[in-house]
Amino acid sequence: MAENGRSFDLRRTAMSKEHHNGRFLEPSLSSDPRQKEREARQSIVLWGKPILTLQYFFLETLINTKEWTIKLWHRRRIVVSLLLLLAILTSTYYIEGAHQRYVEYMEKRLLWCAYWAGLGILSSVGLGTGLHTFLLYLGPHIASVTLAAYECNSVNFPEPPYPDQIICPEKEGVVGSISLWTIMSKVRLEACMWVRLA
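Heads up: the sequence shown begins at 228 in the numbering used here, then just goes up one per residue.
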C-alpha cells in the first residue's frame, strides 16, 4: 500500500516538473515508457506490420476463446439444457408424424417473422431512415391487405396462400364491417417485426 502511495507521489512530482501551462519544461522527462508504449501500439497497423498485427489478432482471439470457454463451463447446466432442447426440436422437425402440420406452421411463421425482422435490421443499419424499406416492402403489403379487405369485406384470407397471395375467402363478410382496427390487427405482426428493429 505504501508503495502505491509513493509511486503516486513520484508521478505527481514528475507531472509538476513536466507540465507547466500545457508545455514540456524538461525534454528528458518526455521519454515516458507509457508514452513510448502508446506510440508503439498506434504504429501497429495491418498494412504497416501485417505479421505482428495478425499475431496479436490470433493471440487476442485465443484469449477470448479461453474466457468464453470458462464462462460456458461455469454455466454448464444452462448449456446442457439448451443443447437438449435443440436436440428435441431437431428430432421433432425431422421425425414424421401427425405433429408435422404444426411444425410446418411454426416454420412458416418463424420464417415470415425473420423476413420482416431482417427488413427492419436492413433499414436501420444502412438503408437510410427506414423509409426505403417501408416504401418498398411494408407499405405495399399493408396496401394490398387493405385493398383486399375492402374488396372481400373480410380479413380472413385462406392461410396457405395468404402471405404470398391474397385470395378472398369463400364466405364473404358483411359490407362495411372492415375498419382500420381490423386491418391493423391483420398486419400487426409484420409491422411490429419491422418497427422493433428499424
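The beta-carbon is built from N, C-alpha and C at its ideal position, and this holds for glycine as well. Predicted model only: the values in this text are computed from it and were never measured.
* Asked: Quick one, which of SER381, GLU287, ALA376, TRP339 has its alpha-carbon nearest MET420's?
  -> Mapped onto the sequence shown, residue 420 falls at position 193. Comparing Cα positions, the closest option is TRP339.
* To do: Could you work out which residue in PRO396, GLN392, CYS379, LEU310 is closest to GLY403 when comparing CA atoms only?
  => The residue given as residue 403 occupies position 176 in the sequence shown. Cα-wise, what sits closest to GLY403 is CYS379.
* What's the gap between the Cα of ALA376 and the Cα of TRP408? -> Sequence index remark: in the sequence shown, residue 376 carries index 149 (1-based). Sequence index remark: in the sequence shown, residue 408 carries index 181 (1-based). Near 12 Å, if we compare the C-alpha coordinates of TRP408 and ALA376.
* Residues near ILE393 in its chain [Cβ-Cβ closer than 8 Å; skip 5 each side] -> The residue labelled residue 393 in the question sits at position 166 within the sequence shown. Around ILE393: SER371, VAL372, ALA375, PHE384.
* Asked: Exposed or buried, which one is PHE285 when buried takes at least 16 other CB atoms within 10 Å?
  -> As a first step, residue 285 must be located in the sequence shown, where it is residue number 58. It counts as exposed.
* Asked: Rounded to a whole number of angstroms, what is the C-alpha to C-alpha distance between GLU323 and CYS395?
  -> Locating residue 323 in the sequence shown gives position 96, where the first residue counts as 1. Locating residue 395 in the sequence shown gives position 168, where the first residue counts as 1. Each residue's alpha carbon lies about 32 Å from the other.
* Asked: Among residues of its own chain, excluding the 5 on either side of THR280, which ones have a beta-carbon nearer than 8 Å to its beta-carbon?
  -> Reading the sequence shown from its first residue, position 53 is the one you call residue 280. For THR280, where only same-chain residues beyond five positions count, the Cβ hits under 8 Å are ILE271, VAL272, LEU273.
* **Member of SER406, ILE405, PRO367, GLU399 whose CA lies at the smallest distance from the CA of GLU417** => Translated into the one-based positions of the sequence shown, residue 417 becomes position 190. Of the candidates SER406, ILE405, PRO367, GLU399, the one whose C-alpha sits nearest the C-alpha of GLU417 is PRO367.
* Asked: Could you give the C-beta distance for LEU312 and VAL306, rounded to a whole number, given that I count them as a contact under 8 Å?
  -> Residue mapping note: residue 312 aligns to position 85 of the sequence shown, counting from 1. Residue mapping note: residue 306 aligns to position 79 of the sequence shown, counting from 1. Going by Cβ atoms, the distance from LEU312 to VAL306 rounds to 11 Å, so no, they are not a contact pair.
* **Span of the alpha helix (DSSP H), counted from its first residue to its last, around LYS276** => In the sequence shown, residue 276 corresponds to position 49, counting from 1. Here LYS276 belongs to no alpha helix (DSSP H), and DSSP marks it neither H nor E.
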